[in-house]
Amino acid sequence: DQQVKQNSPSLSVQEGRISILNCDYTNSMFDYFLWYKKYPAEGPTFLISISSIKDKNEDGRFTVFLNKSAKHLSLHIVPSQPGDSAVYFCAARSGGSNYKLTFGKGTLLTVNP
Amino acid sequence: GAGVSQSPSNKVTEKGKDVELRCDPISGHTALYWYRQRLGQGLEFLIYFQGNSAPDKSGLPSDRFSAERTGESVSTLTIQRTQQEDSAVYLCASSLGQDSPLHFGNGTRLTVT
């Protein structure tokens, strides 16, 4: 049973446009969500996070939105840059085991110049 | 070093052999994690170490898997009698504490032939 789902394996956008990466979850106990970015042959790097008490968190070009009633979150990147091309993982954790992140399968973002 | 270091970066082994994967966390990070990513899948939690507390081994897939950590430094993940389904990228991460973002190494790509 996949508790964190990223239904789009890939996404392609033009440089300068907005990239929207989506993530759905099924476990209502999740209370903290993170996005990680991964380049080939490297480990994932932390990008941005959001607590379930918020519905939006912004950091520069990156904004994460959380819709708890829909159990859905999204990562917006604007404007998109070619260097943003990578695999993006959505991850979640619950208060009882907050070190065990549950990851989605990832979405490969390609930003075309 | 500045980041989490893992060795070897690649390992090819024959089915039935034992392998040892090494992780050097960021200095001062008390928490250490092992995850793995099989082809086309998200990251799976394997084991977590926090200081001198008993590790959480709940993610280890079988008793062929074991891990040790010496104090707050190096960790070794051992897989005995490797099977083809063990083929994956094994990722180590460390963090200042269990509520801090994880910093991942570049992983060890294990191929069991």
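Going down the list, the protein sequences come from chains A and B.
Sequential numbering from 27 applies to the first sequence in the numbering used here.
Sequential numbering from 12 applies to the second sequence in the numbering used here.
Cβ atoms here follow ideal geometry from the backbone N, Cα and C, with glycine treated the same way.
Here the structure is a predicted model, which is why all the values come from computation and not from measurement.
Cβ pair residue i, residue j closer than 8 angstroms
i        : j        : result
A:Val30  : A:Ser106 : no
A:Leu99  : A:Phe88  : no
B:Gly108 : B:Glu83  : no
A:Leu127 : A:Leu47  : no
B:Arg33  : B:Ala99  : no
A:Gly132 : B:Gly53  : yes
B:Leu88  : B:Ala78  : yes
A:Phe129 : A:Ala112 : no
A:Ser45  : A:Val137 : yes
Cβ neighbours of residue i in the same chain (closer than 8 angstroms, five flanking residues each side left out)
i        : result
A:Pro139 : Glu41 and Pro108
B:Arg47  : Leu54, Glu55, Leu57, Ala99, Val100, Tyr101 and Leu102
A:Lys94  : Ser78 and Asp81
Pick from the options that is closest to residue i, judged by C-alpha positions
i        : options                                  : result
A:Asp85  : A:Lys97, A:Asp50 and A:Ile74             : A:Ile74
A:Gln28  : A:Thr52, A:Phe56 and A:Phe59             : A:Thr52
A:Ser120 : A:Asp110, A:Asn33, A:Pro35 and A:Tyr58   : A:Tyr58
A:Ala67  : B:Leu57, B:Gln95, B:Ile58 and B:Gln17    : B:Gln17
A:Asn83  : A:Lys97, A:Trp61 and A:Val137            : A:Trp61
B:His114 : B:Val123, B:Glu96 and B:Pro36            : B:Pro36
B:Asp110 : B:Ala42, B:Lys68 and B:Ser77             : B:Ala42
B:Tyr59  : A:Ser95, A:Tyr125, A:Val137 and A:Asn93  : A:Tyr125
B:Ile90  : B:Ser106, B:Thr81, B:Leu71 and B:Arg80   : B:Leu71
B:Val23  : B:Pro112, B:Leu102, B:Asp97 and B:Ser106 : B:Asp97
A:Ala96  : A:Ser36, A:Leu37 and A:Asp50             : A:Asp50
B:Ser64  : B:Thr81, B:Val15 and B:Ala13             : B:Thr81
Under 7 angstroms by beta carbon: chain A residues contacting residue i
i       : result
B:Ser42 : Checking the displayed sequence, the identity of residue 42 of chain B turns out to be Ala instead of Ser. Chain A residues near B:Ala42: Tyr125.
Contact list for residue i against chain A, beta-carbon separation under 8 angstroms
i        : result
B:Tyr59  : Tyr125 and Lys126
B:Pro112 : Leu60, Phe72 and Ser75
Neighbour list for residue i in chain B, Cβ cutoff strictly below 7 angstroms
i       : result
A:Glu68 : Asn117
Close beta carbons around residue i, own chain, < 7 angstroms, minus the five adjacent residues each side
i       : result
B:Pro19 : Thr119
B:Gln95 : Lys26 and Val123
Within chain B, the residues that residue i reaches when beta carbons sit closer than 8 angstroms
i        : result
A:Lys131 : Gly51, Gln52 and Gly53
Close Cβ partners of residue i (< 6 angstroms) along its chain, the five nearest in sequence each way excluded
i        : result
B:Gly27  : Arg92
B:Val85  : Asp35
A:Thr71  : Lys63
B:Asn168 : Nothing about residue 168 of chain B can be read from this structure; chain B reaches only from 12 to 124.
Proximal chain B residues relative to residue i, where beta-carbon distance stays under 9 angstroms
i        : result
A:Phe115 : Gly53 and Leu54
Per-residue contacts from residue i into chain A (C-beta, under 9 angstroms)
i        : result
B:Leu102 : Gly69 and Pro70
Start-end ranges of the beta strand (DSSP E) lying completely within the region 59-123 of chain A, minimum 3 residues: 71-77, 82-85, 88-93, 98-103 and 112-120
3 or more residues per run - each beta strand (DSSP E) lying fully within the region 55-121 of chain B: 76-80, 86-90 and 99-106
Inside the region 14-53 of chain B only - beta strand (DSSP E) runs reaching at least 3 residues: 16-18, 21-24, 30-35 and 42-48
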